[in-house]
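Enquirer: Here's a structure for you.
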Amino acid sequence: MTQVSFLPAGLDKNRLVTLMQQRGLHGLLLTSPEHVFYVTGFPALFSSGNPILYGLRNVLPFFALVDANGQITLLCWGGAATDVQYGADIVRTYSDINAAYRTLSEVLQPYAHAGARLGIESSASFAVYTLLRDVLPGDNLLLADELLLQLRALKSPEEVARLERSINVVEKTVSELIDMVHIGIQRPVLMQAAKVGMLKHGASGISHVTISFGASNPEVEIDEPLLPNKLVTLDLGAIVDGYYSDNRRLMYTGAIPAGISALHQTLCGMIDQVAAILAPGVSFGEAYQLAMRLYEQARLKPFIPNIGHTIGMQVEEQWIYEGNSALVFQPRMVLNLEMYALCETGELIGDEETYVITETGYRQLTHLPTAIRAVQR
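Quick note on the working numbering: the sequence shown kicks off at 648 and runs consecutively.
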């Protein structure tokens, strides 16, 4: 019988080792679902086919340890390792949380000397941190969050394909929602339809259903009916095999006010102008400063502090904003550009598009028309 395999989609082990060497790390301990999944393929995500390993992480935690040569040790519950191959060189298993921490302590023993430097994630639990302080001497723990973001920034062809499939899921779902939106529909009904639609079209999980009517709070589910002369915001995100999408389209119940239409067209045009300069070697700062000039020329105030973000195993990986001005776009980066401004009537207007940086420029991954749609009934 062929063994079932769960392997990493994007890990470049040689690049990881190089990044560790540059920071003087002898080892790297990964504790988050995203990074254990990223380096081993272990289905630890809440969007995995069976999310039970995520749900049990409080009693059956999982870890991945990368040594200076790139050897990867996966530590996990034994039940998850039966007849399954993961992208790890060594798999250590256990049956309860006490054994999990004993096993972790054992594999960390090679680092229990004064010269060892171990990278960890800022999200590591207090229990893990306490164990590390007991095993490692002195101040030998270093945060590796930036290293991991740098590693993940360059996507493999398979990662780009997953991101593109995730976008396609959202665009198919939004196309269907546009046809079902009507005056009187309750917001939770539309949100549930969005979830069902994304799963129907191939999502393995739901990132977000940020749907709002008018100027109401889009970040929480509010039970409200859709009334005439209201903006409908359809901001959806799907997850396909661990990789996220983030896309926004707008509708209006009635004749679309000229002010809303004009503001939306302006913001869409601003995104197109920033996208036009995307290419290898262009800095985040250059894109951000161009966007700020465009806001100023249009006499608009930015609603959020960034103009977009890279995207992958998380919705927002690295912000494109002043604080990241020194970062440079490289081939295989995938990013969202998003720009928003408040209309004088209180609605948040904006657009969001996704791109992959190529060797010579960029390729846009979103294709659904941006025009505000009128609700037909």
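Where a beta carbon is used, it is the ideal one built from N, C-alpha and C, also for glycine.
Skipping 5 residues on each side, what residues in its chain have a beta carbon closer than 7 Å to that of residue 915?
Expert: As a position in the sequence shown, residue 915 is number 268, starting the count at 1. Within the same chain, residue 915 has close Cβ partners 998 and 1017.
Enquirer: Can you list, in chain order, the residues of its chain with a C-beta nearer than 7 Å to that of residue 787? Leave out the 5 residues immediately preceding and following it.
Expert: For this step, residue 787 is matched to residue 140 along the sequence shown. Excluding residues within five positions, the ones whose Cβ falls inside 7 Å are 763, 764 and 765.
Enquirer: Please look up how many angstroms separate the CB atoms of residue 934 and residue 954, rounded, as I've assumed it's under 8 Å.
Expert: Residue 934 sits at position 287 when you count from the first residue of the sequence shown. Residue 954 sits at position 307 when you count from the first residue of the sequence shown. Right, the Cβ-Cβ distance comes to about 7 Å (below 8 Å), so this counts as a contact.
Enquirer: Does the segment 788-797 come into contact with the segment 807-825, if we say contact requires no fewer than three beta-carbon pairs (one atom in each stretch) closer than 8 Å?
Expert: Judged by Cβ distances under 8 Å, the segment 788-797 makes no contact with the segment 807-825, as fewer than three pairs qualify.
Enquirer: So, for residue 735: in the same chain, excluding its five sequence neighbours on each side, which residues have a beta-carbon less than 6 Å away from its beta-carbon?
Expert: Translated into positions along the sequence shown, residue 735 becomes position 88. 687, 719 and 721, listed in sequence order.
Enquirer: Taking C-alpha atoms, which residue in 992, 1023, 1022 and 980 lies nearest to residue 800?
Expert: For this step, residue 800 is matched to residue 153 along the sequence shown. Of 992, 1023, 1022 and 980, the residue nearest in Cα terms is 980.
Enquirer: Starting from the Cα of residue 853, find the closest Cα among 890, 1019, 664 and 877 and give me that residue.
Expert: Counted from its first residue, the sequence shown places residue 853 at position 206. Nearest of 890, 1019, 664 and 877 to residue 853, Cα basis: 890.
Enquirer: Using 10 angstroms around the beta-carbon of residue 725, count the other beta-carbons present and answer buried if the total reaches 16, otherwise exposed.
Expert: Within the sequence shown, residue 725 is the residue found at index 78, counting from 1. Result: exposed.
Enquirer: Return the CA-CA distance between residue 732 and residue 965, expressed in angstroms with no decimal places.
Expert: Along the sequence shown, read from residue 1 onward, the residue named residue 732 stands at position 85. Along the sequence shown, read from residue 1 onward, the residue named residue 965 stands at position 318. For residue 732 and residue 965, the distance between alpha carbons rounds to 32 Å.
Enquirer: Spatial neighbours of residue 892 within its chain, please: CB distance less than 6 Å, with the 5 preceding and 5 following residues excluded, ordered by chain position.
Expert: Counted from its first residue, the sequence shown places residue 892 at position 245. 813, 814, 817, 884 and 885.
Enquirer: Within 10 Å of its beta-carbon, does residue 723 have 16 or more other beta-carbons around it, so buried, or fewer, so exposed?
Expert: Counted from its first residue, the sequence shown places residue 723 at position 76. Residue 723 is buried by the Cβ-count criterion.
Enquirer: Would you identify the three-state DSSP class for residue 898, choosing helix, strand or coil?
Expert: On the sequence shown, position 251 is the one that residue 898 refers to. In this structure, residue 898 counts as strand in the three-state DSSP scheme.
Enquirer: What does a CB cutoff of less than 6 Å around residue 656 pick up in its chain, not counting 5 residues either side in sequence?
Expert: One-based indexing of the sequence shown puts residue 656 at position 9. For residue 656, where only same-chain residues beyond five positions count, the Cβ hits under 6 Å are 805 and 806.
Enquirer: So, helix, strand or coil for residue 882, using DSSP?
Expert: Looking up residue 882 in the sequence shown gives position 235. Strand at residue 882.
Enquirer: Expressed to the nearest angstrom, what Euclidean distance is found between the alpha-carbon atoms of residue 784 and residue 738?
Expert: The residue you call residue 784 lines up with position 137 of the sequence shown. The residue you call residue 738 lines up with position 91 of the sequence shown. Each residue's Cα considered, the two are about 26 Å apart.
Enquirer: With residue 727 and residue 674 assumed to form a contact (beta carbons below 8 Å), what rounded beta-carbon distance in angstroms separates them?
Expert: Indexing the sequence shown from 1 puts residue 727 at position 80. Indexing the sequence shown from 1 puts residue 674 at position 27. About 23 Å; that fails the 8 Å criterion.
Enquirer: In chain order, what residues of the same chain lie with their CB nearer than 7 Å to the CB of residue 798, ignoring the 5 residues before and after it?
Expert: Position 151 of the sequence shown, counted from the first residue, corresponds to residue 798. The residues are 662, 663 and 666.
Enquirer: Quick check on DSSP: helix, strand or coil for residue 998?
Expert: On the sequence shown, position 351 is the one that residue 998 refers to. DSSP places residue 998 in strand when its eight states are reduced to three.
Enquirer: What residue range is occupied by the uninterrupted alpha helix (DSSP H) comprising residue 822?
Expert: Here residue 822 corresponds to residue number 175 of the sequence shown, with the count starting at 1. That run of the alpha helix (DSSP H) goes 804-827.
Enquirer: Would residue 900 pass as a contact of residue 882 if the rule is Cβ separation under 8 Å?
Expert: Residue mapping note: residue 900 aligns to position 253 of the sequence shown, counting from 1. Residue mapping note: residue 882 aligns to position 235 of the sequence shown, counting from 1. Going by C-beta atoms, residue 900 is not nearer than 8 Å to residue 882.
Enquirer: Sort 1010, 995 and 847 by Cα distance to residue 1001 and report the nearest one.
Expert: Here residue 1001 refers to the residue found at position 354 of the sequence shown. When each option's Cα is compared against that of residue 1001, the closest is 1010.
Enquirer: Across the segment 695-714 and the segment 739-749, are there enough close Cβ pairs to call them in contact, namely three or more that are closer than 8 Å?
Expert: With the cut-off at 8 Å, the segment 695-714 and the segment 739-749 touch.
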